[in-house]
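In order, the protein sequence lines correspond to chains A and B. Residues -2 to 472 (the working numbering) are what the first sequence spells out, left to right. Residues -2 to 472 (the working numbering) are what the second sequence spells out, left to right. Ideal placement from N, C-alpha and C gives every residue a C-beta, glycine not left out.
Protein chains: 2
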Amino acid sequence: MNHPAPPATVGRAALPAALLAALQDVFGDRLSITDAMRAQHGRDESAFEPQWPDAVVFAERTDEVARTLALCAQYQVPVIPFGVGSSLEGHVLAVRGGISIDLSRMNRILSIDAKDLVATVEPGVTRKQLNEALRDTGLFFPIDPGADASLGGMCATRASGTNAVRYGTMRENVLGLQVALADGRMIRTGTRARKSSAGYDLTRLFVGSEGTLGVITEVTVRLHPLPEAVSAARCTFPGMVDAVNAVIQTIQLGVPIARVEFVDALAARSLNQYAHLTLKEAPQLFFEFHGSEASVAEQAALVGQIAAEHHGEQFEWATHPEDRSRLWNARHNAYFAMLQLKPGSRAITTDVCVPISQLAECIAGTEADLATSPLPCPIVGHVGDGNFHVAILVDPTRPEEFEEAERLNHLIVRRALSLGGTCTGEHGVGLHKMGFMREEHGEDALDVMRAIKLALDPANLMNPGKMFTLERETS
Amino acid sequence: MNHPAPPATVGRAALPAALLAALQDVFGDRLSITDAMRAQHGRDESAFEPQWPDAVVFAERTDEVARTLALCAQYQVPVIPFGVGSSLEGHVLAVRGGISIDLSRMNRILSIDAKDLVATVEPGVTRKQLNEALRDTGLFFPIDPGADASLGGMCATRASGTNAVRYGTMRENVLGLQVALADGRMIRTGTRARKSSAGYDLTRLFVGSEGTLGVITEVTVRLHPLPEAVSAARCTFPGMVDAVNAVIQTIQLGVPIARVEFVDALAARSLNQYAHLTLKEAPQLFFEFHGSEASVAEQAALVGQIAAEHHGEQFEWATHPEDRSRLWNARHNAYFAMLQLKPGSRAITTDVCVPISQLAECIAGTEADLATSPLPCPIVGHVGDGNFHVAILVDPTRPEEFEEAERLNHLIVRRALSLGGTCTGEHGVGLHKMGFMREEHGEDALDVMRAIKLALDPANLMNPGKMFTLERETS
């Protein structure tokens, strides 16, 4: 494949023996240097070829994380935090070797405080696990990136998903963190209070830092009351522009919609094939409404009216839980359904996000680009936030398809940037978006990021080779 | 007064003549070294004695800000950004002399984009000015810290206020910034898209940085649709605990209340005296509800029921704009009304914020402390966020009253920290809260802040002497 990644390290690199011995003392049989374990920690859900770490440690306690970082600092060996490996951007690939620190066994829910609507968890706790634990509290954790990602990983990539239009992203929902710094010191950021003006916002600095500034060892998140009532709807539109305009009007009117998802005709076809549905193969929106009974009814009526004004048709409404599940399951299965449009394929997924006023133009231009390509490219999107994904389906055995996918990806990102948007709304930079950071932020803003990186990780050992180059680009 | 501030500089310090000449070239008669102008820029709304800058420049354009910073870097002279001077914590005092860069003339509204619900403004635009400009758009900017502060200043202190319980703080409502760095380079942070995962969150780093990392020269904020309906209510409670418990239950049930403000008996008395009202002089809550007609009615009914369950009485409801204004004007005048409890006094205002589960305990403990003091100390609070203010009224001619105020302040902050809260919910650190940063964050987290500060401002020229000490405290 022709991705902008360094060559894979498949042989066992030479870790300092003294480091290995010291890690063995800490982790015993929770240190692994087997090929199987290294291979498992050298890949994610992206289409990048694996790049193995030299060793894997399974941390169970915060002090083990701190000790690992202190040892890696001493021996100048890279550290890559690993949650469940659901990144789509190559975040966990060990591009410079080093130690993969697997946090999936740090999966204790440390506290749930229903009165304050907060929970504190270890970084390996997944969103489904947390919501399961919240089952009897009347509360839930709304951020849903699709995958059952770990909370630590969701912090690291500033994840969001379908509910963000109403409940915000990880940026808005993390109150505080415990972080192991590059030299092994531990800090806490934030408090359990809902707001603070006390100093630099270190919480927001580590949220989205992709493991490049430290390792998150504890996460305190906001919880939300389960809505008294939930209803859902779906409707199709003659064209994408109608659907997007309906969304824009909904947002402008301040309807507190909980989810609004766009699915294009090809994605709808994939859902039909995958789940034996009979969706009209046309652009469509999936809606979800949260609130009191009266508020949900009112929102649904208003959105129905807006959609109708934009030529929405074939409305399907669902208020009963089973009907809602059936309706939304179709959308939830989209990723796997889309892959089945081309059996054996992998998806290269774009993740641009633009101001919603630019969304129709951005998607229309994208559709024109995709029409020039032989690859199947279904589109789904969190359109209430201006965020959409193109799943570019490539045959992993055909390098020319990766090249074509990258050609499309560049066109899509460049257009989003020219429309005032970002190269990544929720997946993060990792390896795959590094090449766009200069264009998005400018070299001087990247210098600020570099200065922060080097201030906190002077030896560049924390997930090195990700997010941006440490050297200023002069060309 | 006995505040932890360095001695005031009242004589004209020796600015390098070459710097003064260079600034004269840039600013002409917008450079001032008169005592009157320096005095005006050496004070804020805090009770600190003034500390004058050596000179004041009135910037009208971004490039003038950049040039000032480059010159100050060259001559190693401090720079203090100045908005409208409404800080309560000594932020703008020139504790090490230098140049006060007055941004109040950079007050152009650069764009209002109703479709995207964003506006971009220069830093000297005030919140009232912005809302005035939004009048015909159906949108508003909700952050209301009381004072008609500048947007730049509100960014710098991470301001919030009465609406934050529903609409968030400046943290949630700033999409992007333009910032002049310490060396005079300009950067942009963020995009106009609602979310992004592209790199470190520089926007959130500069929001709340109190001028210590750079000078904000442009602010892009989120706007919100004006609610279709608004209603307001007020009711009294037998005791503070009942009022707070009513608030906790309201938040837990997910009622999307727009404002909920606590006023204690003494503050109520001050409002009666100031505005010739007949409020019962008892703990009370002021509410505001935003939404559709039906939603507002539903919220009001539910909150009325909750309040009644907690022994709320003397309900007053207002749906007509004039009645709402009259009801809320009382609360809006609280600061000046409270000062009149002790004519000629100044207020030393605390600003702790705790998890709402701890709020009743925190206020009860605070009330017990205040009962030991001869000073009048009314309490008001943004209780939906767990944030409250004690206005400790001191006679500015009596140093022993400042000492007593500081004694109370320390008790109040220490208790809030011990309950998992923060020393400042919305006013910022400035000079007044520096002594609590170590206790709140720990020395290692402060080291991270110091590392960031020195990475971006190696010569410590950006508003020096504020927020935290650059030297690690070892005692």
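Beta-ladder partner(s) of R395 (chain A), from DSSP: DSSP lists no bridge partner for R395 (chain A).
Just list the alpha helix (DSSP H) runs in the stretch 108 to 164 of chain B, keeping only unbroken ones of 4 residues or longer that don't cross its boundaries, in chain order. Counting only runs of 4 or more, we get 124 to 130, 148 to 154, 161 to 164.
Please confirm if G135 (chain B) has its CB atom under 9 Å from at least one CB of chain A. Taking Cβ atoms only, chain A reaches closer than 9 Å to G135 (chain B), which makes this a yes.
Please classify G39 (chain A) as buried or exposed, where buried requires at least 16 other C-beta atoms within 10 Å of its C-beta. Its Cβ being crowded by 16 or more others within 10 Å, G39 (chain A) is buried.
Name the DSSP beta bridge partners of W314 (chain B), please? Paired residue(s): B:A230.
Measuring only between beta-carbons, confirm whether P78 (chain A) sits less than 9 Å from chain B. No, because no Cβ of chain B sits closer than 9 Å to the Cβ of P78 (chain A).
Could you check what DSSP says for A177 (chain B) in three-state terms: helix, strand or coil? It is a strand residue.
Host alpha helix (DSSP H) of E290 (chain B) (start-end): Counting along the chain, E290 (chain B) sits inside the alpha helix (DSSP H) bounded by residues 290 to 306.
Three CB pairs or more closer than 8 Å across the stretch 360 to 371 of chain A and the stretch 321 to 330 of chain A: Taking 8 Å as the limit for Cβ pairs, the verdict is that the stretch 321 to 330 of chain A does not touch the stretch 360 to 371 of chain A.
Between the stretch 415 to 427 of chain B and chain A, which residues of the former have CB atoms less than 8 Å from a CB of the latter, in chain order? Hits within the stretch, in order: G417, G418, T419, C420, T421, G422, E423, H424, G425, V426.
Contact defined as beta carbons within less than 8 Å: I believe L20 (chain A) pairs with V54 (chain A). What is the distance between those atoms, to the nearest angstrom? Rounded to whole angstroms, the Cβ separation of L20 (chain A) and V54 (chain A) is 6 Å, and the two are in contact under 8 Å.
Would you say P461 (chain A) lies against chain B (beta-carbon separation less than 9 Å)? By the rule that beta-carbons nearer than 9 Å mark a contact, P461 (chain A) does not touch chain B.
Chain B contacts from the stretch 240 to 271 of chain A (Cβ-Cβ distance under 8 Å): Of all residues in the stretch 240 to 271 of chain A, I245, I248, Q249, L250, G251, P253 have a Cβ within less than 8 Å of some Cβ in chain B.
Against chain A, does V351 (chain B) count as a neighbour if the rule is that its beta carbon must be under 9 Å from one of theirs? Closer than 9 Å to some Cβ of chain A, the Cβ of V351 (chain B) qualifies, so yes.
Do you know how far the Cα of L299 (chain B) is from the Cα of F284 (chain B)? Per the coordinates, the alpha-carbon of F284 (chain B) lies some 12 Å from the alpha-carbon of L299 (chain B).
Just to confirm before moving on: does the CB-CB distance between S292 (chain A) and E295 (chain B) stay below 9 Å? Yes, the Cβ-Cβ distance between S292 (chain A) and E295 (chain B) is below 9 Å.
Is M464 (chain B) close to chain A, meaning its C-beta is less than 9 Å from at least one C-beta of that chain? For M464 (chain B), the answer is yes, since a Cβ of chain A falls inside 9 Å of its Cβ.
Could you name each continuous alpha helix (DSSP H) segment of 4 residues or more that falls completely within the stretch 332 to 374 of chain B, going from the start of the chain to the end? The qualifying runs are 356 to 368.
At a CB-CB cut-off below 9 Å, which residues of chain B make contact with E437 (chain A)? By Cβ distance, chain B contributes T188, S193, A195, G196.
What residues in the stretch 379 to 396 of chain B have a beta carbon less than 8 Å from any beta carbon of chain A? Result list: D382, G383, N384.
Are the C-beta atoms of A456 (chain A) and some chain B residue less than 9 Å apart? No, because no Cβ of chain B sits closer than 9 Å to the Cβ of A456 (chain A).
Starting from L416 (chain B), follow its DSSP beta bridges and name the residues at the other end. DSSP lists no partner for L416 (chain B).
Can you tell me which of the three DSSP states T209 (chain A) falls into? Note: T209 (chain A) maps to coil in three-state DSSP.
Assuming C232 (chain A) contacts Q281 (chain A) under a Cβ cut-off of 8 Å, what Cβ separation, rounded to an integer in Å, is found between them? A Cβ-Cβ separation of about 6 Å places C232 (chain A) in contact with Q281 (chain A) under the 8 Å criterion.
Short CB-CB distance (under 9 Å) between K430 (chain B) and chain A: Using a Cβ-Cβ cut-off of 9 Å, K430 (chain B) counts as an interface residue toward chain A, since at least one Cβ of chain A sits closer than that to its own.
Taking Cβ positions only, does M237 (chain B) come closer than 9 Å to chain A? Against chain A, the CB of M237 (chain B) has no partner CB under 9 Å away; the residue lies outside that interface.
Thinking just about the alpha-carbon of each residue, which of B:G422, B:V349, B:H308 is nearest to the one in L408 (chain B)? Nearest option by C-alpha distance: B:V349.
Assuming the contact rule is C-beta atoms closer than 8 Å, I98 (chain A) and T65 (chain A) should be a hit. Round their C-beta distance to whole Å, please. Rounded to whole angstroms, the Cβ separation of I98 (chain A) and T65 (chain A) is 6 Å, and the two are in contact under 8 Å.
What number of angstroms, rounded off, separates the C-alpha of M(-2) (chain B) from the C-alpha of V410 (chain B)? Because the pLDDT of M(-2) (chain B) is 37, which lies under 50, any placement of that residue in the model is unreliable, and the number read from its coordinates should be weighed accordingly. About 20 Å.
Would the stretch 415 to 423 of chain A and the stretch 423 to 441 of chain B be scored as touching if the rule is three or more Cβ pairs under 8 Å? Contact fails: fewer than three Cβ-Cβ distances are below 8 Å.
Which chain A residues are close to V23 (chain B), counting only those with a beta carbon under 8 Å from its beta carbon? Near V23 (chain B) there are no residues of chain A at all, since even the closest Cβ is about 21 Å away, more than 8 Å.
Looking only at DSSP bridge pairs, what is R256 (chain A) linked to? Paired residue(s): A:E285.
Simplified DSSP state of E215 (chain B), which is helix, strand or coil: Shown here, E215 (chain B) sits in a strand according to DSSP, grouped into three states.
Cutoff 9 Å: S206 (chain B) Cβ touching any chain A Cβ: Chain A, which has a Cβ nearer than 9 Å to the Cβ of S206 (chain B), makes this yes.
Please confirm whether D113 (chain B) has its beta-carbon closer than 9 Å to some beta-carbon of chain A. Interface residue (Cβ-Cβ distance to chain A less than 9 Å): D113 (chain B) is classified as such.
Distance cut-off 8 Å: V257 (chain A) Cβ against heavy atoms of the ligand NAD: Because no ligand of any kind appears in the structure shown, any question about the ligand NAD cannot be addressed here.
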